[in-house]
Each structure stands twice: as C-alpha cells, then as structure tokens.
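When we follow UniProt numbering, the leftmost residue of the sequence shown carries the number 1, and every step to the right adds one. Backbone N, C-alpha and C fix where the C-beta goes; we use that ideal spot for every residue, glycine too. Input: a single structure, listed below in structure tokens.
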Amino acid sequence: MSVSETPIATRVRPRVGAPASPSPSPASSAAPVLSPLGLLTVLLGAALPMVDAFIVNVALPTIDRDLHAGPALLEMVVGGYGVAYAVLLVLGGRLGDMFGRRQLFLWGIASFGVTSIACGLAPNAWTLVAARVAQGAASALLLPQVLASIQATTSGAARVRAMSWYSSTAGVTSAVGQVLGGVLVSLDIAGTGWRSIFLVNAPVAAAALVLALRSVPETRSEHPTRVDGPGTALLSVTLVSLLLPLTEGRAAGWPVWSWVLLAVFPFAAWAFLAVELRTERAGRTPLVPPSLLRIHSVRSGLALVMPFCLGWGGFMFAIAVALQEGLRMGPMAAGLTLVPLCLAFFVASLAGPRLAARHGRRVVTAGALFQAAGLLMLIATFHWGWHGLTGWGLAPALAVQGFGQGLLFPLTMRTMLSEVPVAQAGVGGGVVTTTQQAFQALGVAALGTLFLSLAPSAGMRDALTVTLAVQLAAAAVTVVLSLRLPRSMR
1 MSVSETPIAT
11 RVRPRVGAPA
21 SPSPSPASSA
31 APVLSPLGLL
41 TVLLGAALPM
51 VDAFIVNVAL
61 PTIDRDLHAG
71 PALLEMVVGG
81 YGVAYAVLLV
91 LGGRLGDMFG
101 RRQLFLWGIA
111 SFGVTSIACG
121 LAPNAWTLVA
131 ARVAQGAASA
141 LLLPQVLASI
151 QATTSGAARV
161 RAMSWYSSTA
171 GVTSAVGQVL
181 GGVLVSLDIA
191 GTGWRSIFLV
201 NAPVAAAALV
211 LALRSVPETR
221 SEHPTRVDGP
231 GTALLSVTLV
241 SLLLPLTEGR
251 AAGWPVWSWV
261 LLAVFPFAAW
271 AFLAVELRTE
281 RAGRTPLVPP
291 SLLRIHSVRS
301 GLALVMPFCL
311 GWGGFMFAIA
321 VALQEGLRMG
331 PMAAGLTLVP
341 LCLAFFVASL
351 AGPRLAARHG
361 RRVVTAGALF
371 QAAGLLMLIA
381 TFHWGWHGLT
391 GWGLAPALAV
401 QGFGQGLLFP
411 LTMRTMLSEV
421 PVAQAGVGGG
431 VVTTTQQAFQ
441 ALGVAALGTL
451 FLSLAPSAGM
461 RDALTVTLAV
471 QLAAAAVTVV
481 LSLRLPRSMR
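Structure below.
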C-alpha cells in the first residue's frame, strides 16, 4: 500500500514547536483493510446501479400502458440513465480520490435510494425520465468508489478474491436485473406494478448505508489534484454527442439536432484526447491519464470489453422486447427465461480464477468461443423453432452463452485492473466502468435501433435473428482480441 492510501484518521499534523512524537505503533500506522463484511457492503452498493441498468427493460410495456409514454419517452427512460451514468463515472472516481472514497460511497448510496423513490413515485413519463437521469448521476458517484476501495484496502490473494467477486457481480447482476424486474412487475406488490422495480432499491440502499458506516474504511489520495475542468467538459460533450442521438434519434424521427450531435462527436473526441495528452505532458493530472493506456493489461482489456459490452447491452434490450412482444410472454416468464444464463454465468465466474491460474488467457478465449456457440444456438432456435417456443426451449442456448460470458468477462475485468497503480484506483475504476457503461448504452442504442427498425417490416423473429447475428460478429471480434491479453492471469 502506498503512502497516498494512508487512512485519513492516522494523518495528524504535529503542533509547531511540539516535541517529536514517538514512532507510531504498528496498529496506528497499519493500512486500512476491507473486512468480509466491508466487501459484502461495497458489492451490495455496486449491484444496485448494475441491476437498475437492466431491470427496467422487462417493465417497459407496463410503463407505456400506465403512463402513456410512447416510444421516444420509453427510450429516454432507458437511455437517460445510461448517458448520465456514463458521462459522470470518471468524474465520480476523481472526486472519490479527492474527498474520500467511503464518503463518496455514502453520498452515492443515499442519492441512489432517494432518486429510486423519485422514479417509483413518478406521476408521468417526463418526471420518470428526469428521475432516471438523476439516478444515473447517483450511480456514477457510487460505483467508482467500489473498485477504488477494493484496490486501496486489499492486496495479494485477498485482492484476487475481491476482484473476482466484483467481476462476477458485474456480470451476473445485468441478467438478474431483468429476472428481478419481471418477477416484481408480475407480483404487483401492494398494487405498485412497475413502480416496485424502483421502490425496492430504497430498503436495500438504506441497509448498505448502515453497513458502510460500520465496515468500510476511508481511503483517498494523499495529494489529491484539482478536477480537470476542460477534460471533464470535453468528455461529457464527446459521450453525449454520440450516445444521445443514437439513443433517441430513431424514436424522435432523426431530427436535425441528432445529426448535428453526431457530426460534433469526432471533433469532440479529438479535442478531448489532445487536451488530456497536453495536460499530462505539462505535469498536471488529466481526467483520464493517457498513461493508463500504456499499461498492457488495461489497453488490451478495454479493447475486448468494448465489443463484448456493445453486444451484451443490445442483446438484453432486444431479448426483453422479443420475449414479451413477439412470443407473448408475461413479464415474469420473460424474466425467468434468463435464469439458466444467470446460473451458468455464476458457476463459470467462480471456476474462472482457478482455471486461469493454470491455463492463462486461453480461458478467456474459451469463454469467447462458448459465447459465440451459445449465440449460434440461439439464432437457430429462434429461426426454426419460433412458433410455440418457451423458456425451456431457450434454456440450453442461454446456458452455453452464459457459461462463456462467465469465463470471459470477470477474468478480463480482473486482469484489466491488476496493474493500475493504487494512487490512480479511482480514476482507473472510473475509466473501466465508463467504457463498460458507454458501450452497453451504445449497444442498446445501435442494436436496439436495428431490431426495432426491422421488426415492423421483417417480423419480430427475423429482426431478432439479424440482431443476434450482429452480436455474433462482435463475439467473433472478442475471440481475436482475447489473444492480446497478458498470457499469464495469475
């Protein structure tokens, strides 16, 4: 543990003229350690925004009927959360480095609970959209502190285990979100209908808040740097100019503003990169240090995460619509259909670290191949068995896909963060989660637009098979990119 991660409570300035204090005892100078309860607490906090990125998918038809939202506002309910989440993640990591990760975690979890209640009580569609944007901002404040706290308070085998659990949580919760959403909407607890998918967050956030006060140690950078204002502004413009038109353009009829924003995107991205390079060369700390990309595990891991998350985000959106609107499943049946994928992912994520210790990156490559095989099975099942298809008919293909993803994603996440310096834990976690969230949102926008555009003319079955074929192409890219990861993944 570096000096920059010394517990805040132990950093006391001596009085001027006071005699030198004796050397601190080992107990007083010991680095903060994350207990098992503390790890459970931060993982619980991480699960909330991850679940809510997907829990709304199966509830969209019910929200539409209740609030008379229409396609454009429904896409804003999904996209508004994702855009706010992605835009502010790196800033959230930097603020944690500056003001204390535990403190930002507490603020983030409290804000998430409050905004979840606002979502659940929204009287109309526009209010729900605004509350979802605020919920995405709260998620961006909360999530980077989880990775940063794990890196700053664990080492050796304990860090390996903690990162494995974090990566497994990140993968499983996306599918669990849709399962949970379907169950809650169908149960209609106390007549709340779709509102329960948001209201259920409040007691969970309250429990995480209480546990965090007791079990999560405070860490932050000893020499925090000022927020990179130009970098923050340019990153925000870059992500908004890409994600907003792709998320909302189709439903809004591709108005002029959507094309203007898409035209702005390459210039904003170039300006952001130029400013960050100049800032780091000048000896200042940029929002996203380009030097992070010189770390092989970070560079190769981010390259693999991009196509994976793009395909995954689009898949979860398209499958939720296809099961309910195409196969006429209810919300609970649509959610429970994904249970085989969840279980297989979880089993593979637990086995992955032991396999990687023996076989290295070949385990990730095998996972990418399993994912591709599962997608091929899904395409065949939907194309030739559409009529009368049930969740049981989809179970084998979903299990194969989930097993592959459980080998691929957690190990890639763990490897990506293994060489990030502890002093950059917050910003490193922010960069990783921003990439993940941005490409999931891009997948919802791009593959969701493809699926919804094809469905009226080609039919739900053919639209879904074409969308899955595009995801299969992205999966093939992950197979190739997995060969660029570090050979050893011990």
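So, are the CB atoms of residue 505 and residue 88 less than 8 Å apart?
Here the chain has residues from 1 to 490 only, and residue 505 is not among them.
Buried or exposed, going by whether 16 or more other CB atoms sit within 10 Å of the CB of residue 165?
buried
Look up residue 487 in the DSSP assignment and say whether it is helix, strand or coil.
coil
Could you spell out where the alpha helix (DSSP H) holding residue 280 opens and where it closes?
256-281
Presumed contact (8 Å Cβ cut-off) between residue 478 and residue 368, rounded CB distance:
5 Å
Determine the burial state of residue 312: buried for a count of at least 16 other Cβ atoms within 10 Å of its Cβ, exposed for fewer.
buried
Segment contact, 8 Å Cβ cut-off, at least three pairs: the region 32-47 with the region 290-310:
no
The region 407-418 in contact with the region 153-169 per 3-pair CB rule at 8 Å:
yes
Looking at the structure shown, is residue 393 part of a helix, part of a strand, or coil, going by DSSP?
helix
Helix, strand or coil for residue 329, going by three-state DSSP, please let me know.
coil
Do residue 113 and residue 201 have their C-beta atoms closer together than 8 Å?
yes
First through last residue of the alpha helix (DSSP H) which encompasses residue 117:
101-120
Given that a residue counts as buried once 16 or more other Cβ atoms are within 10 Å of its Cβ, and exposed if not, what is residue 434?
buried
Every unbroken alpha helix (DSSP H) inside the region 126-207 [4 residues or more]
156-187, 196-199
Start-to-end residues for the alpha helix (DSSP H) that takes in residue 481
460-482
If you draw a straight line from the alpha carbon of residue 315 to that of residue 222, how long is it in whole angstroms?
42 Å
Between the CA atoms of residue 71 and residue 194 - distance to the nearest angstrom
17 Å
Quick one: grab the DSSP three-state call for residue 359.
helix
Same chain, Cβ closer than 8 Å to residue 485, neighbours up to 5 away in sequence not counted
297, 300, 301, 304, 361, 364, 412, 415
What are the start and end residues of the alpha helix (DSSP H) that includes residue 312?
296-321
Assuming residue 250 is part of the alpha helix (DSSP H), what are its boundary residues?
Counting along the chain, residue 250 falls outside any alpha helix (DSSP H), and DSSP gives it neither H nor E.
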